[in-house]
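Same order as they appear, the protein sequences are chains F and S. When the letters of the first sequence are read in order and numbered with full-length UniProt numbering, they come out as residues 1 to 300. When the letters of the second sequence are read in order and numbered with full-length UniProt numbering, they come out as residues 1 to 327. Here the structure is laid out as structure tokens; the discussion comes afterwards.
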Amino acid sequence: MNFGWQLLWRQKKAVAGLIIVTALCLMALFAPILAPTDPGERVGRSHQPPTVEHYFGTTKMGRDVYAQFVWGARPSLAVGFATGLFITALGTIIGLVAGYFGGRTDATLDLITNAVLVIPNIPLLILLASFAGTVGPVAIMLIIALTSWPWGARMTRSQTMALRNREFVTAARMVGEPAWRIIFVEILPNLVPLIGINIVGSIIYAIVAQTTLEYLGFGDPLNVTWGTMLYNAQNSSAIIVGAWWDISAPAAGIALVGLGLALLNFTFDEIANPQLRSGPALSRWLRLSRLRKRELEAAR
Amino acid sequence: MRIPLRRLGVYFVAFLFAIVMNFTVPRLMPGSPVDGMIAQLGPRATPAAIEAIKARFGAVEQPILGQFVDYITGLARLDLGVSVKYYPQTVTQVLARSAGWTAFLVTTAIIFSLCVGVSLGAVAAWRRGGRFDAFVSPFSVVLIAIPPVIIGLATLFTFGVTLRWFPVGYAYNPDLDPGLNFTFFGSVFWHAVMPVLTLSPYLIGEFQTTMRSSMISVLGEDYVTMGRAKGLGETAVMFSYAARNAMLPVLTNLALMLGAVFGGSIVTEIVFNYPGLGLTLFTASVARDYPVIQGQLLLMTMATLGANLLVDILYGVVDPRIREERA
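Here's what the structure looks like:
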């Protein structure tokens, strides 16, 4: 564990990503202190540019964009993170079960996984959301999670299949450990790096999908999130009238979370898969080997 | 050319899943959507139209299995029902009007991103650890994480509204008559620039990442060493030995990503008011035009499955090892 943290800390990209994500989470947590104004309250005239009183200007309805930005981080991040965890849990369990048991269980689960994988997600989300009417955060979470677990399931399955016939698993089976114990106690800990990548990737996907659904107007319009802020800004044609602050605040929030998580994921990927590494260590090694080659050639 | 039965089974299950979703979801929802739709039709609600909607959404006295059989036979005759918003037009007519524009947008974006992403990935893998790689590869991962809505709005605001370089709506200048002449094609091209640039970053990021990792594993193969041993130039080895073989995982990824690309195109078309499937879907979802929403899910599922099938066939053509295995 300690080694893992050291490895993470040495990566500048991961540190930057961690700082961005933590800062946004802290902002969401301390929303009542950072923005005491009620995000739904009318505080000024319509579409006022940023001033000292209203740092990010006002919306069409005369609401404070800064307050909405700070408060909107709460549901956006909470739903994104919770959905990401849910997607990963579903994918990991299905992948583990399919990979460990093999045979007919695997054939069925793999068929379902591949089938859900090829169905276009967003159109399916829109179908479900449009019949549900405006959907609250929990419904959005469920809808996204139930349509997007297959990526994780596929990765977990192939890893589990590789681990299934290793000695320690065979030994556990000989001793007579029950299947659930072998899966969760023997195999699962070996999948931790993969699960880490899966969680971050799923959170990214969940935030993208959530923003898309809310931008399309399926979110609850009274609930202030970054997605509904975009939807309201679009509906009040903020871009056409030049009220860039109305759109850029939520857009920047979403882009920043994406950036932070992507930087983290890039590093996780490099740690789990050293072949893909591109950092300073690799370039040093490449330079050394090039130098050695030149020396050898010179010696000849 | 044979495609393994297993893959066909997957596509069949996926298609069946989409149909079953379309069939069951409206029947499970609390509060029948049928009354809402009939109210939506207003004075246009002829008995025939009401009958058609009721039959499609299960508000009839018939066992559920019989309803399902009727539903499937309807689909087999390409009967997707009537649109509520554009009544008396059928869903097939409404979708046919806009599908072409989406196909054009998505294909252009894919070809453009494939060229850019694959080259960036190949060069990054070739100069692994260099300055180019250290910048481009993390940047690609970031591109994947930013929703198309954000990129679309930023592009629209910068190049459409502030700089006024590109038109901010429609697929071509509405003053022009569609025809086979340069003015019309020029207009279509000019209107497609911003939507294509919005759809591309995600694709470029995905292609770059896939291409880089697959190229890295290919670089260790014997045939690359062989190419070098023959004394071929850097570019020759890179493109005709390594990149050609590293392309295969990119192809698979492309087919699987098509669903996400459709999702992106829905949003892009709404942002740029582009008359494709996405905009049709958006107006349909605002008007709660359920038959159109269902129709587009089926159409996009079919397109994705078609693309996957195409890639399966292509794979056999490109990679002789797979051809051997299947023979």
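Positions of the beta carbon are idealized from the N, C-alpha and C atoms, including for glycine.
Remark: C-beta atoms of residue 13 of chain F and residue 263 of chain F approach each other more closely than 8 Å. Using a CB distance below 9 Å, the part of the segment 10–34 of chain S facing chain F consists of 10, 11, 12, 13, 14, 15, 16, 17, 18, 21, 22, 25, 26, 28, 29, 31, 33, ordered along the chain. Distance between residue 217 of chain S and residue 231 of chain S, taken at the CA atoms: about 21 Å. Buried is the label assigned to residue 208 of chain S, since at least 16 other Cβ atoms lie within 10 Å of its Cβ. Counting C-beta atoms within 10 angstroms of its own C-beta, residue 214 of chain F has 16 or more neighbours from the protein chains shown and is therefore classed as buried.
Here residue 52 of chain F carries a coil assignment [DSSP, helix/strand/coil]. Exclusion of the five residues before and after residue 200 of chain F leaves 84, 261, 264, 265, 268 as the residues of its chain whose Cβ lies within less than 8 Å of its Cβ.
Within chain S, the C-beta atoms nearer than 7 Å to that of residue 244 of chain F come from 157, in chain order.
Between residue 159 of chain S and residue 194 of chain S, the C-beta gap is smaller than 8 Å, which places the two residues in contact. Shown here for residue 140 of chain S: same chain residues with a beta carbon closer than 6 Å to its own, the five before and five after excluded, namely 205, 208, 209 in chain order.
Residue 77 of chain S carries a coil assignment under DSSP once its states are collapsed to helix, strand and coil. Short of 6 Å from the beta carbon of residue 193 of chain F, and not among the five residues preceding or following it, lie these beta carbons of its own chain, in chain order: 272. Within the segment 291–308 of chain S, contact with chain F at the beta-carbon level (separation under 7 Å) is assigned to 293, 294, 296, 297, 300, 301, 304, 305, 308.
At the C-beta level, residue 307 of chain S and residue 84 of chain S stay beyond 8 Å of one another. Cβ-Cβ separation between residue 282 of chain S and residue 270 of chain S: approximately 5 Å, consistent with a contact (criterion under 8 Å). For residue 72 of chain S, not one C-beta of chain F is nearer than 8 Å to its own C-beta.
Annotation for residue 26 of chain S: the continuous alpha helix (DSSP H) segment containing it runs 5–28. Within 10 angstroms of the beta-carbon of residue 62 of chain S lie fewer than 16 other beta-carbons, which makes it exposed.
Shortest Cα-Cα distance from residue 170 of chain S to any of S:26, S:102, S:275 involves S:275. Interface flag for residue 208 of chain F against chain S is set, since a Cβ pair is found closer than 8 Å. Among the residues of the segment 115–135 of chain F, those with a Cβ less than 9 Å away from any Cβ of chain S are 115, 116, 117, 118, 119, 120, 121, 122, 123, 124, 125, 126, 127, 128, 129, 130, 131, 132, 133, in the order of the chain. At a beta-carbon threshold of 7 Å, the residues of chain F lying near residue 145 of chain S are 204, 258, 259, 261, 262, ordered along the chain. Neighbours of residue 197 of chain F in chain S, taken as residues whose beta carbon is under 8 Å from its own, are absent, since the nearest beta carbon is some 11 Å off. C-alpha of residue 89 of chain S to C-alpha of residue 68 of chain S: approximately 24 Å in a straight line. Beta-bridge pairing by DSSP links residue 237 of chain S to no other residue. Shown here for residue 35 of chain F: same chain residues with a beta carbon closer than 7 Å to its own, the five before and five after excluded, namely 66, 67, 70, 71 in chain order. Contacts with chain S at 8 Å (Cβ-Cβ) do not include residue 223 of chain F. Secondary structure of residue 288 of chain S (DSSP, three-state): coil.
Here residue 28 of chain F is near residue 73 of chain F, since their CB atoms are less than 8 Å apart.
If the five residues before and after residue 101 of chain S are omitted, its C-beta is found closer than 7 Å to the C-beta atoms of 171, 274, 275, 276, all from its own chain and listed in chain order. Contact between the segment 43–54 of chain S and the segment 103–116 of chain S is absent, with fewer than three C-beta pairs closer than 8 Å. In the structure shown, residue 183 of chain S falls within a helical segment according to DSSP collapsed to helix, strand and coil. DSSP, reduced to helix, strand and coil, places residue 42 of chain F within a strand of the structure shown.
The C-beta of residue 201 of chain S comes no closer than 8 Å to any C-beta of chain F. Chain F places a beta carbon closer than 8 Å to that of residue 138 of chain S, counting this residue as a contact.
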